[in-house]
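Q: Here you go, one structure.
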Amino acid sequence: MTPFTYERAASPAAAVRAVASTPGAKFIAGGTNLLDLMKFQIETPTHLVDVRHLPLDTIEDTPEGGLRIGALVTNTVVASHPRVKRDYGVLSRAIVAGATGQLRNKASTGGNLLQRNRCPYFYNTDLPCNKRVPGSGCSALGGITRSLAVIGGSESCIAQNPGDMAVALRVLDATVETMDADGATRSIPLADFHLLPGDTPEVEFALRPGELITAVTLPPPLGGTHHYHKVRDRASYAFAIVSVAAVLQPDGTGRVAFGSVAPRPWRVAAAEAELAKGPAAVVAAAFEGAAPQEDNAFKIPLAERTLALVIAEGRA
């Protein structure tokens with residue numbers, strides 16, 4: 001790691017002021033992704049502002065009947081919360097499918113949304129990567145692409161979002177609450193939170209400099225049956241090759257999002273409208289315009305088979 005300084009913030013407002021006023025500063029909470037990136041010298045913050053002890057660690061009912069999850073609530077606590085298990089089962093299942101128990105005990109809700117991609121060329125600092133060094137080129141294009149995005153990428157980057165929790169939150173239409181350097185707060189729909197790479201793949205999130213995630217809010221429960229299936233190379237502690245999060249209703253309608261196929265959780269309203277026609281129709285609409293590489297073209301039929309499993313499970 002490169003040398004850095006450290007402070008523990010006393011309040012959310014103090015945390016955002018500290019990061020905004022210190023060039024090269026970053027927030028740290030569980031650190032489950034940031035510390036790895038610092039060891040590889042992909043992230044080289046000059047100053048860390050520790051937010052772990054801030055009062056952002058509660059789960060509360062909202063007046064609208066939803067749920068507000070503090071940004072520092074650990075993944076373990078979210079997954080085991082009685083209301084999450086009862087009313088937002090897709091979220092509980094997605095979290096449990098990710099990482100290990102030890103990591104889920106440290107990983108926070110806000111930090112999980114900010115985890116960076118797992119493109120092997122992003123992690124290899126000997127090779128060009130537009131996301132790591134803007135303008136340096138994309139080694140993935142023409143390289144080994146098995147795990148990478150098949151849709152939503154660009155000529156600058158085809159890295160995929162590797163998350164599990166975010167895919168479930170996308171199906172649930174979650175909202176991300178933030179505080180900026182001036183103390184102002186805002187709400188960002190999760191649909192807009194993860195950005196497509198375009199010509200600026202280094203800009204991954206709809207956050208302003210120094211903006212802190214304070215909570216994630218879920219709307220009132222959708223009912224229906226909740227499903228999350230993750231296809232991966234080994235049974236545990238592996239990122240998804242393809243995942244499917246779904247909430248299916250008795251009348252055959254529902255919501256579907258795909259994970260690890262795009263730079264963000266991939267949900268297409270027009271595809272959900274095809275649910276009554278079956279998984280092939282849904283996938284055809286969801287992946288219209290896809291640009292798979294030779295190594296990862298299998299992800300599209302794999303997504304169809306995984307969705308077929310989910311639909312069959314919903315009918316059982």
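Position 292 of the sequence shown, counted from 1, bears residue number 292 in UniProt numbering, the numbering being contiguous throughout.
All residues carry an ideal CB built from backbone N, CA and C; glycine is no exception.
Let me know if Glu-177 comes out buried or exposed under the rule of 16 or more other beta-carbons within 10 Å of its beta-carbon.
A: Here the question's residue 177 lines up with position 177 in the sequence shown. That one is buried.
Q: I'd like the list of long-range same chain contacts for Glu-43, defined as Cβ closer than 8 Å, with 5 residues on each side in sequence excluded.
A: Within the sequence shown, residue 43 is the residue found at index 43, counting from 1. Lys-26, Leu-34 and Leu-37, listed in sequence order.
Q: Using the C-alpha atoms, what's the distance from Arg-264 back to Asn-161?
A: The residue labelled residue 161 in the question sits at position 161 within the sequence shown. The residue labelled residue 264 in the question sits at position 264 within the sequence shown. Going from the Cα of Asn-161 to the Cα of Arg-264 covers about 5 Å.
Q: So for Ser-260, helix, strand or coil by DSSP?
A: Taking the first residue of the sequence shown as position 1, residue 260 is located at position 260. It is coil, neither helix nor strand.
Q: Quickly, what does DSSP pair Phe-205 with across the bridge? List them, please.
A: Translated into positions along the sequence shown, residue 205 becomes position 205. Among the bridge pairs identified by DSSP, Phe-205 is matched with His-194.
Q: What whole-angstrom Cβ distance do Ala-257 and Arg-267 have, given they're in contact under 8 Å?
A: Taking the sequence shown and counting its residues from 1, the one referred to as residue 257 is at position 257. Taking the sequence shown and counting its residues from 1, the one referred to as residue 267 is at position 267. Right, their Cβ atoms sit about 4 Å apart.
Q: Look at the alpha carbon of Asn-124 and the alpha carbon of Pro-197, and state the distance between them as a whole number of angstroms.
A: For the purposes of this step, residue 124 is taken as residue 124 along the sequence shown, with counting starting at 1. For the purposes of this step, residue 197 is taken as residue 197 along the sequence shown, with counting starting at 1. Their backbone Cα atoms lie some 19 Å apart in a straight line.
Q: Can you tell which of Asp-173, Pro-209 and Gly-137 has its C-alpha closest to the C-alpha of Ile-192?
A: Locating residue 192 in the sequence shown gives position 192, where the first residue counts as 1. It should be noted that the sequence gives Asp, not Ile, for residue 192. Of the candidates Asp-173, Pro-209 and Gly-137, Asp-173 places its Cα closest to the Cα of Asp-192.
Q: Cα-Cα, which of Gly-70, Leu-309, Asn-117 and Pro-134 is closest to His-227?
A: Here residue 227 refers to the residue found at position 227 when the sequence shown is read from its first residue. Cα-wise, what sits closest to His-227 is Leu-309.
Q: Does the Cβ of Gly-153 have 16 or more other Cβ atoms within 10 Å, making it buried, or fewer, making it exposed?
A: To locate residue 153, count along the sequence shown from 1; it is residue 153. Gly-153 should be labelled buried.
Q: Taking 8 Å as the cut-off, decide whether the C-beta atoms of Asn-112 and Gly-163 are in contact.
A: Mapped onto the sequence shown, residue 112 falls at position 112. Mapped onto the sequence shown, residue 163 falls at position 163. Yes, the pair counts as a contact, with Cβ atoms nearer than the cut-off.
Q: When DSSP labels each residue in this structure, what does Asp-50 get in the three-state scheme?
A: Looking up residue 50 in the sequence shown gives position 50. DSSP places Asp-50 in strand when its eight states are reduced to three.
Q: Touch check for the region 232-248 and the region 92-100: three-plus C-beta pairs under 8 Å?
A: yes
Q: Does the Cβ of Gly-135 have 16 or more other Cβ atoms within 10 Å, making it buried, or fewer, making it exposed?
A: For the purposes of this step, residue 135 is taken as residue 135 along the sequence shown, with counting starting at 1. Under this definition Gly-135 is an exposed residue.
Q: What does DSSP give as the partner residue(s) for Pro-189 in the beta ladder?
A: Locating residue 189 in the sequence shown gives position 189, counting from the first residue. Answer is Thr-175.
Q: Suppose you measure from the CA of Ala-13 to the CA of Asp-61; what does that come to, to the nearest Å?
A: Translated into the one-based positions of the sequence shown, residue 13 becomes position 13. Translated into the one-based positions of the sequence shown, residue 61 becomes position 61. Ala-13 and Asp-61: Cα-Cα distance of roughly 24 Å.
Q: Taking the C-alpha atoms as reference points, what is the distance between Thr-109 and Glu-294?
A: Residue numbering aside, residue 109 sits at position 109 when the sequence shown is read from its first letter. Residue numbering aside, residue 294 sits at position 294 when the sequence shown is read from its first letter. Answer to the nearest angstrom: the Cα atoms are 35 Å apart.
Q: Please classify Gln-41: is it buried, with 16 or more other beta-carbons within 10 angstroms of its beta-carbon, or exposed?
A: Counting from one through the sequence shown, the residue named residue 41 turns up at place 41. When all chains shown are included, Gln-41 counts as exposed.
Q: State the beta-bridge partners of Leu-37 as determined by DSSP.
A: The count along the sequence shown starts at 1 and reaches residue 37 at position 37. In the DSSP output, where bridge partners are listed per residue, Leu-37 has none listed.
Q: Where in the region 214-291 do unbroken runs of the alpha helix (DSSP H), each at least 4 residues long, occur, reported from the N-terminal end onward?
A: 269-272 and 279-286
Q: Check whether the region 145-152 and the region 282-294 are in contact - that is, three or more C-beta pairs closer than 8 Å.
A: yes
Q: Answer with buried or exposed for Thr-32, where buried requires no fewer than 16 other C-beta atoms within 10 angstroms of its C-beta.
A: Here residue 32 refers to the residue found at position 32 of the sequence shown. The residue is buried, with at least 16 neighbouring Cβ atoms inside 10 Å.
Q: Check for me: the beta strand (DSSP E) holding Phe-27 runs from which residue to which?
A: Within the sequence shown, the letter at position 27 stands for residue 27. Element bounds for Phe-27: 25-28.
Q: With 16 other CB atoms within 10 Å as the buried threshold, where does Val-133 fall?
A: Position 133 of the sequence shown, counted from the start, is the residue given in the question as residue 133. Classification for Val-133: exposed.
Q: Could you work out which residue in Ala-297, Ala-316 and Ser-260 is closest to Arg-116 when comparing CA atoms only?
A: Looking up residue 116 in the sequence shown gives position 116. Nearest option by C-alpha distance: Ser-260.
Q: So, are the CB atoms of Thr-306 and Val-231 less than 8 Å apart?
A: Counted from its first residue, the sequence shown places residue 306 at position 306. Counted from its first residue, the sequence shown places residue 231 at position 231. Going by C-beta atoms, Thr-306 is nearer than 8 Å to Val-231.
Q: Taking Cβ positions, are Thr-214 and Ala-71 nearer each other than 8 Å?
A: Position 214 of the sequence shown, counted from the start, is the residue given in the question as residue 214. Position 71 of the sequence shown, counted from the start, is the residue given in the question as residue 71. Yes, Cβ-Cβ distance for Thr-214 and Ala-71 is below 8 Å.
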